[in-house]
Each structure stands twice: as C-alpha cells, then as structure tokens.
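Asks: Please see the structure below; I have some questions.
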Amino acid sequence: MKPSAFTTAVPTSLPRPGAAAWPSVLAALRVRWLALYAFAVCWFSTPGFRTLISPDEGRYAEIAREMLNSGDWITPRLNGIKYFEKPPLQYWMTAGSFRIFGENEFAARFWPALTGFAAVLMVWVTLRRLLRNDPHGETQAWGGAAVLASCAWWVGSGHFLTLDMGVTAFLTLALCSFVWAQQDDATPRENSTGMLVAWVAMALAMLSKGLIGLLIPAAALFIYSVLMRDWHLWKRLHLAKGLALFTVIAAPWFVLVSQRNPEFAQFFFVHEHLQRYATHEASRVQPWFFFIPILVGGVLPWAALLPAAWREGISNTVRQQQGAQGFNTSRFLLIYSAFVFVFFSISGSKLPAYILPMFPSVVMLMAPAISRIGRRTGWALVITQALVGLIALIGAPILASHSSDPQIATSDAQYSYWLYATAAVALLGAGVAGWMHRRHLRSGMVAALALSGLVSGQLPLLGYDAYAGHTSSRAMVQVLRPHLRADSTMYSVRTWDQTLPFYLKQNVQLVEYVDEFKLGQTSEPDKQMSLEQFEQRWRTDPAPLALVQPDTWQLLEKHNVPMQVVYRDRKRLVIARP
Numbered sequence: 001m002k003p004s005a006f007t008t009a010v011p012t013s014l015p016r017p018g019a020a021a022w023p024s025v026l027a028a029l030r031v032r033w034l035a036l037y038a039f040a041v042c043w044f045s046t047p048g049f050r051t052l053i054s055p056d057e058g059r060y061a062e063i064a065r066e067m068l069n070s071g072d073w074i075t076p077r078l079n080g081i082k083y084f085e086k087p088p089l090q091y092w093m094t095a096g097s098f099r100i101f102g103e104n105e106f107a108a109r110f111w112p113a114l115t116g117f118a119a120v121l122m123v124w125v126t127l128r129r130l131l132r133n134d135p136h137g138e139t140q141a142w143g144g145a146a147v148l149a150s151c152a153w154w155v156g157s158g159h160f161l162t163l164d165m166g167v168t169a170f171l172t173l174a175l176c177s178f179v180w181a182q183q184d185d186a187t188p189r190e191n192s193t194g195m196l197v198a199w200v201a202m203a204l205a206m207l208s209k210g211l212i213g214l215l216i217p218a219a220a221l222f223i224y225s226v227l228m229r230d231w232h233l234w235k236r237l238h239l240a241k242g243l244a245l246f247t248v249i250a251a252p253w254f255v256l257v258s259q260r261n262p263e264f265a266q267f268f269f270v271h272e273h274l275q276r277y278a279t280h281e282a283s284r285v286q287p288w289f290f291f292i293p294i295l296v297g298g299v300l301p302w303a304a305l306l307p308a309a310w311r312e313g314i315s316n317t318v319r320q321q322q323g324a325q326g327f328n329t330s331r332f333l334l335i336y337s338a339f340v341f342v343f344f345s346i347s348g349s350k351l352p353a354y355i356l357p358m359f360p361s362v363v364m365l366m367a368p369a370i371s372r373i374g375r376r377t378g379w380a381l382v383i384t385q386a387l388v389g390l391i392a393l394i395g396a397p398i399l400a401s402h403s404s405d406p407q408i409a410t411s412d413a414q415y416s417y418w419l420y421a422t423a424a425v426a427l428l429g430a431g432v433a434g435w436m437h438r439r440h441l442r443s444g445m446v447a448a449l450a451l452s453g454l455v456s457g458q459l460p461l462l463g464y465d466a467y468a469g470h471t472s473s474r475a476m477v478q479v480l481r482p483h484l485r486a487d488s489t490m491y492s493v494r495t496w497d498q499t500l501p502f503y504l505k506q507n508v509q510l511v512e513y514v515d516e517f518k519l520g521q522t523s524e525p526d527k528q529m530s531l532e533q534f535e536q537r538w539r540t541d542p543a544p545l546a547l548v549q550p551d552t553w554q555l556l557e558k559h560n561v562p563m564q565v566v567y568r569d570r571k572r573l574v575i576a577r578p
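Per full-length UniProt numbering, residue 1 is the first one in the sequence shown, and the count goes up by one each step.
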C-alpha cells in the first residue's frame with residue numbers, strides 16, 4: 001500500500017544525524033522538554049486560584065462531593081436530590097480528586113485540567129507518528145501541540161469545571177488511536193492495540209457525557225466510508241472484541257442505575273438526548289451560525305491557520321481521488337471536524353462548549369502548515385495576537401466605567417486590571433513573534449505566540465474572581481459561619497445558588513424551587529417544600545437560615561415571618577430567625 005495522506009510524497013526513511021549534528025539535536029530536545037515542563041507548570045498552577053461559580057462549577061463539584069461523602073457511586077445526587085442529566089465518570093474522578101487534595105477549587109477543576117493537558121500530549125504523540133517520515137515532522141508535532149495548548153477556548157475549557165473537556169479528551173484518545181491503527185504501514189499489533197484503545201476511549205467518553213461518546217466517532221467513520229468508498233476499513237475495526245470491551249466498560253453503570261431508579265432510562269436517553277437535541281425544550285436556541293464565531297474566536301491566536309487546515313483536508317482528498325489507495329488521514333480528520341460542527345449546528349440546543357471535540361482534529365489538520373508558514377500567514381498570526389491585545393487594552397477602561405451599580409462597578413474596576421495584564425502579555429507576545437518572523441525564526445515565532453496565547457488566555461479567567469461576590473456563595477458562607485450551628489437548617493426560598501451546598505458543606509432545603517430538580521422532586525416529593533410549610537417550619541426550627549431574593553423577603557414581611565437580615569448583596573439576602 002502507498003503511504004497515507006499525511007505522509008504522501010515524503011521519503012520513507014531519513015539519514016541519521018552525523019556526529020557533528022548531535023549537539024544541536026540534543027540542544028533542541030532540551031529546549032522542547034523544557035517547554036513541556038513550563039507548559040505543565042503554567043497549566044496546573046492556576047485552577048485553584050478562583051472561586052467556583054454558579055451554575056456549572058458549583059453543580060458538578062457538589063455532585064462529586066456528595067458521592068464521596070455518601071458512598072453511593074451509582075445514583076448521582078445534587079443537593080441530596082436525584083440528578084440524572086449526565087453519566088458519572090467525571091463525578092467519580094472529581095470525588096477521587098477531593099479524596100486526594102481535599103474539597104477545594106483546585107481539586108474540583110483538576111479533572112478538566114488533567115484531561116485537557118493529556119489531550120495535548122495525545123495530539124503531540126499522534127502527530128509524531130503520522131509525520132515521522134516528514135523532515136519537518138518533529139517540528140510540526142511540537143507545533144501542533146503548542147497550538148492546541150494555547151487556543152483560547154481550549155485554555156478556558158481546561159480551567160473551568162464542566163464535563164466538556166473530559167469527554168473531549170476521551171474522544172481525542174479514540175480519534176488518535178483510530179488513525180494510528182488505520183495507517184497503511186501499521187503492523188497487525190499496532191492495528192489491534194490502537195483499535196482496542198479506541199473502543200475503551202469511546203466507552204469512557206460515553207460514561208463522561210452520554211451517547212456522543214459513540215455517535216461522533218461512528219458517524220465520522222460511516223461518512224468517511226461512504227465518501228471514500230472504503231468499506232475494507234470496517235474489517236480492521238476489531239468489531240467483535242471492541243464491542244465486547246465497550247459493553248463491559250460502559251454498560252454496568254447504566255444497568256445498575258436503571259435497576260435502582262426506574263425513571264432513569266426515559267429521562268436520560270429520551271429527555272436529555274433526543275428531546276434536548278431535536279426540540280427547544282432546553283431553551284438554548286441559537287442561530288445556525290452560532291458556532292462560527294465560537295470556532296474562529298476559540299482557536300485564537302491561530303485563526304489564520306484555519307484556511308490551511310481546510311486546504312490540508314481538501315488537497316489530500318484530491319490526491320486520494322487521483323489514485324492513491326489506503327486510509328486518508330487528512331480526509332478523515334476533515335470529516336470528523338465537519339461532522340461535529342454541523343451536528344451541533346443543527347441541534348435545537350446549543351452551548352459554546354459543544355464543539356470543543358473538534359479542536360484537536362482541526363489542530364491536527366493545521367500541523368503540516370506550521371513548517372510552511374509563509375510571510376503573509378506569519379504576519380496574519382502576529383497581527384491577530386496584537387489585535388487581541390488591543391481589544392483588551394481598549395476594553396479595560398470602557399469596562400471600568402460602564403456600570404452605574406456601585407457593586408458591579410467595583411468588580412469591573414478590579415477586572416479591568418486583569419484586562420490590562422492580558423493586553424500587555426498579548427502585545428508583548430505579538431512583538432516577540434513579529435521580531436522572530438522577520439528573522440525567519442519560525443519555531444521561535446510559534447513558541448512566542450503559543451506562550452503569550454496560553455498566558456493571555458488564563459489571565460481573564462483568573463481575574464474573573466473579581467465577580468465572585470455576585471457569581472458564587474463562598475463569601476456569603478464565610479459571613480454566615482457565626483450564625484450556623486450543628487442543628488441549623490439552611491433554606492433556599494424561590495431561588496437557588498449552585499455553589500451554596502458545596503461551600504456550606506451540607507444540603508439545602510428547597511422551597512418552591514424546581515428547575516432542573518423536577519425529576520428528583522417528582523420521585524422524592526419530600527425534597528420540595530411549599531412556602532406555607534416553610535413558614536411553619538421556620539417558627540419551630542432551632543436555628544434556621546434562608547436564602548431569599550428581595551421580593552420574597554418583602555412577601556415574608558407581609559406574612560409577619562420573624563426574621564433579621566444577616567447577609568445582603570445586590571440580588572439576594574440571607575435571613576435568620578431572631
């Protein structure tokens with residue numbers, strides 16, 4: 001068979017470096033491994049510096065905390081209420097992180113950070129394999145890893161507690177293992193090992209976020225087979241062993257949770273998958289082009305390489321159609337990326353993080369262009385990063401002066417300093433990259449852009465803690481500590497803050513609040529309380545506290561409920577009984 005698309009027209013072997021060349025080779029290796037170490041330090045040093053915010057971070061941290069403390073690893077619960085919107089793998093991993101590091105912000109975000117870091121390494125290892133016969137393959141592999149590690153959306157998702165980075169990492173493992181196994185020069189052992197790893201990864205992806213763990217790889221494979229008329233590929237999937245392995249890993253939890261909770265299957269598979277995708281039930285309606293700016297902005301500062309990624313897929317497609325045989329890696333990566341983008345674009349429910357799984361495949365298509373960055377593309381990359389810095393520089397004073405609310409204005413002013421820092425890093429990185437580009441130091445330019453992209457992507461996240469008083473309950477709970485007793489009951493009346501039980505370290509009694517708790521409250525009615533029941537309990541509880549909004553507080557005043565305000569911010573109050 002002929003080489004795959006990624007290695008077409010490249011010599012199959014390269015001369016070994018002579019004795020005189022070894023010092024420069026070793027020096028280059030030291031620089032690259034030092035860069036990897038610096039990346040790890042930079043990546044893992046920041047997840048614990050920010051308060052968890054509502055809703056996502058508070059929700060997923062609390063479910064894991066309750067699993068760890070209850071010992072029930074089958075039925076996820078949020079605030080003590082059954083919660084079946086997502087599978088449990090990330091809850092398990094976060095609970096393990098809590099066991100090791102304690103119940104804190106670093107431990108809560110450790111799994112997204114770890115999987116985001118691991119996916120970068122997967123892309124690096126895979127590109128080294130795919131481009132090993134290219135004289136510039138090593139540079140392209142390191143460059144591809146640097147590009148992914150510094151994409152704005154990748155940096156943000158790797159330092160924010162949602163389920164998206166975890167499922168993306170396992171989908172990336174499945175993708176990388178698959179393309180590795182399907183290379184035309186892969187040995188039978190490489191094919192078998194690669195495919196079995198891919199099946200394991202798909203099972204773990206399904207346990208991370210549901211059916212997309214199987215749907216995305218399977219759909220991309222089917223579309224590729226149809227377009228390329230490559231049905232022989234299916235003989236190399238190890239379907240019997242793979243499906244058995246997938247079932248052994250993915251099925252047990254679904255069986256156990258369904259046995260213990262008969263309502264699970266209909267809610268999870270029908271409501272959370274089919275209805276959410278096909279209807280507007282989730283109230284996440286967005287226009288068809290919603291993900292275009294997410295993709296372009298998400299790959300900053302590397303957006304100028306997107307056309308190169310497209311050309312890589314198309315040009316190798318043309319070569320394949322002109323007579324080359326075998327697996328076309330570029331074409332598969334293009335189809336995989338396009339399917340993720342189109343599949344979620346036509347969904348009735350859209351959130352920005354949904355297209356995160358396409359970022360590794362897009363970057364792998366960009367990688368061959370890194371060693372061929374020309375004058376125009378290089379300056380486009382430099383100017384793009386400079387524009388990021390200028391936008392932050394212009395936006396900082398505007399943000400600092402735009403709000404008439406004193407509390408928000410204070411937070412805006414604090415956050416503006418972080419935007420100034422972001423601007424400084426981005427502009428400095430653009431300046432260094434431009435200097436490198438003028439001297440034709442391509443690797444130095446890529447390194448400068450990657451480092452500035454990674455740091456300037458983290459600074460706005462770190463600065464967002466300026467709004468913690470409005471987006472989290474940590475400060476509130478600190479104020480409430482003197483009022484909390486061992487027998488205190490905390491109520492949340494007609495409102496909810498997802499971070500409250502995590503920082504309070506106890507469940508909160510909901511009063512006339514449903515939202516995402518509807519299924520759990522239906523199966524366990526005692527998890528809900530009417531306002532009338534609350535007023536009765538309030539008068540008899542030993543040391544009650546309640547989170548309310550101003551309109552609810554006024555209503556309780558009219559009902560002559562005995563209370564005093566012990567905490568207040570711009571949108572909520574906490575009351576205690578005198």
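Idealized CB from N, CA, C, for every residue including glycine.
Please state whether DSSP places Ser492 in a helix, a strand or coil.
Replies: Strand, per DSSP.
Asks: If you draw a straight line from the C-alpha of Gly213 to the C-alpha of Val342, how long is it?
Replies: So the alpha carbons of these two residues sit roughly 16 Å apart.
Asks: If you pair each beta-carbon of the region 493 to 507 with each one of the region 44 to 61, do three or more pairs fall below 8 Å?
Replies: The region 493 to 507 is in contact with the region 44 to 61.
Asks: Mapping the DSSP letters down to three states, classify Lys518 as helix, strand or coil.
Replies: Helix.
Asks: Go to Tyr567, then tell me how far its alpha helix (DSSP H) extends in each direction, as first and last residue.
Replies: Where Tyr567 is concerned, there is no enclosing alpha helix (DSSP H), although the beta strand (DSSP E) it sits in stretches over 564 to 568.
Asks: Roughly how many angstroms lie between the CA atoms of Gly323 and Arg65, to the nearest whole one?
Replies: For Gly323, the pLDDT reaches just 44, beneath the cut-off of 50, and the residue's location in the model is therefore unreliable, leaving the point undetermined.
Asks: Could you say which of Leu351, Ala308, Ile314, Leu306 lies nearest to Pro287 if we only look at CA atoms?
Replies: Nearest of Leu351, Ala308, Ile314, Leu306 to Pro287, Cα basis: Leu351.
Asks: Please list the terminal residues of the continuous alpha helix (DSSP H) segment that includes Val574.
Replies: Not the alpha helix (DSSP H): Val574 falls in the beta strand (DSSP E), residues 573 to 576.
Asks: Quick one: using the 10 Å Cβ neighbour count with 16 as the cut-off for buried, is Trp33 buried or exposed?
Replies: Exposed: under 16 other Cβ atoms inside 10 Å.
Asks: Taking buried to mean at least 16 other C-beta atoms within 10 Å of its own C-beta, is Lys558 buried or exposed?
Replies: Exposed is the call here.
Asks: Would you decide whether Gly434 is buried or exposed? Buried here means 16 or more other CB atoms lie within 10 Å of its CB.
Replies: Its Cβ being crowded by 16 or more others within 10 Å, Gly434 is buried.
Asks: Return the residue from the list Glu103, Ser258, Gly378 that minimises the CA-CA distance to Ala308.
Replies: When only C-alpha atoms are compared, the closest one is Gly378.
Asks: Give the secondary structure of Arg284 by DSSP, where H, G and I count as helix, E and B as strand, and everything else as coil.
Replies: Reduced to three states, the DSSP call for Arg284 is coil.
Asks: Ends of the alpha helix (DSSP H) at Ala61?
Replies: Here the alpha helix (DSSP H) through Ala61 covers 56 to 70.
Asks: Across which residues does DSSP place Lys82 in a beta bridge pair?
Replies: Answer is Arg77.
Asks: Does DSSP classify Gln182 as helix, strand or coil?
Replies: It is coil, neither helix nor strand.
Asks: How far does the beta strand (DSSP E) with Val548 in it extend, from its first residue to its last?
Replies: Looking at the DSSP string, the run of the beta strand (DSSP E) that includes Val548 is 545 to 548.
Asks: For Val41, which residues from the same chain have a beta carbon less than 8 Å from its beta carbon, with the 5 sequence-adjacent residues on both sides left out?
Replies: So no residue of the chain qualifies.
Asks: With a threshold of 8 Å, are at least 3 pairs of Cβ atoms found where one atom belongs to the region 401 to 408 and the other to the region 437 to 453?
Replies: Verdict: no, contact absent.
Asks: For Pro525, is the classification buried or exposed, using 16 other Cβ atoms within 10 angstroms of its Cβ as the cut-off for buried?
Replies: That one is exposed.
Asks: Taking only the alpha-carbon atoms, compute the straight-line gap between Trp154 and Pro217 and give it to the nearest angstrom.
Replies: In a straight line, the C-alpha of Trp154 is about 20 Å away from that of Pro217.
Asks: Excluding five sequence neighbours on each side, which residues of the same chain lie with their C-beta closer than 6 Å to the C-beta of Val432?
Replies: Taken in chain order, the residues that qualify are Ala448.
Asks: Taking only three categories from DSSP, how would you classify Val10?
Replies: Because Val10 carries a pLDDT of 35, less than 50, the predicted location of this residue cannot be relied on, and no value is offered for it.
Asks: Under 8 Å between C-beta atoms, does Ala265 make it to chain B?
Replies: Annotation note: the requested chain B is absent from the structure, which comprises a single protein chain.
Asks: Suppose you measure from the CA of Asn133 to the CA of Phe359; what does that come to, to the nearest Å?
Replies: So the two alpha carbons sit approximately 24 Å from each other.
Asks: Can you check the region 223 to 310 for any alpha helix (DSSP H) of at least 4 residues that lies completely inside it and give the ranges in chain order?
Replies: Complete alpha helix (DSSP H) runs here, min 4: 239 to 260, 291 to 298.
Asks: Using a Cβ-Cβ cutoff of less than 8 Å, which residues in the same chain neighbour Gln414 once the five nearest sequence positions on both sides are dropped?
Replies: The residues are Gly463, Ala466.
Asks: With a threshold of 16 other CB atoms inside 10 Å of the CB of Pro47, please say whether the residue is buried or exposed.
Replies: That one is buried.
Asks: Counting only the same chain and skipping the five closest in sequence on each side, list residues whose C-beta sits under 6 Å from that of Ala396.
Replies: Excluding sequence neighbours, Ala396 sits near Ser416, Leu419, Tyr420.
Asks: Going by DSSP, name the residue or residues bridged to Gln509.
Replies: The partner list for Gln509 (beta bridge, DSSP) reads Tyr491.
Asks: Could you tell me whether the Cβ atoms of Thr422 and Leu300 are closer together than 8 Å?
Replies: Cβ distance not < 8 Å, so Thr422 and Leu300 don't count as in contact.
Asks: Measuring alpha carbon to alpha carbon, tell me which residue in Met529, Ile74, Ala424, Ala546 is nearest Pro562.
Replies: The shortest C-alpha separation from Pro562 is found at Ala546.
Asks: Could you give the C-beta distance for Leu461 and Gly156, rounded to a whole number, given that I count them as a contact under 8 Å?
Replies: Sure, about 6 Å apart at Cβ, within 8 Å.
Asks: Give me the residue from Leu459, Gln521, Thr329, Asp541 with the minimum Cα distance to Met228.
Replies: Minimum Cα distance to Met228 is reached at Thr329.
Asks: When the Cβ atoms of the region 119 to 126 are set against those of the region 353 to 369, are three or more pairs found closer than 8 Å?
Replies: Touching, yes, given that three or more Cβ pairs across the two stretches are closer than 8 Å.
Asks: Considering Phe101, what are the terminal residues of the alpha helix (DSSP H) in which it resides?
Replies: Phe101 -> alpha helix (DSSP H) spans 89 to 101.
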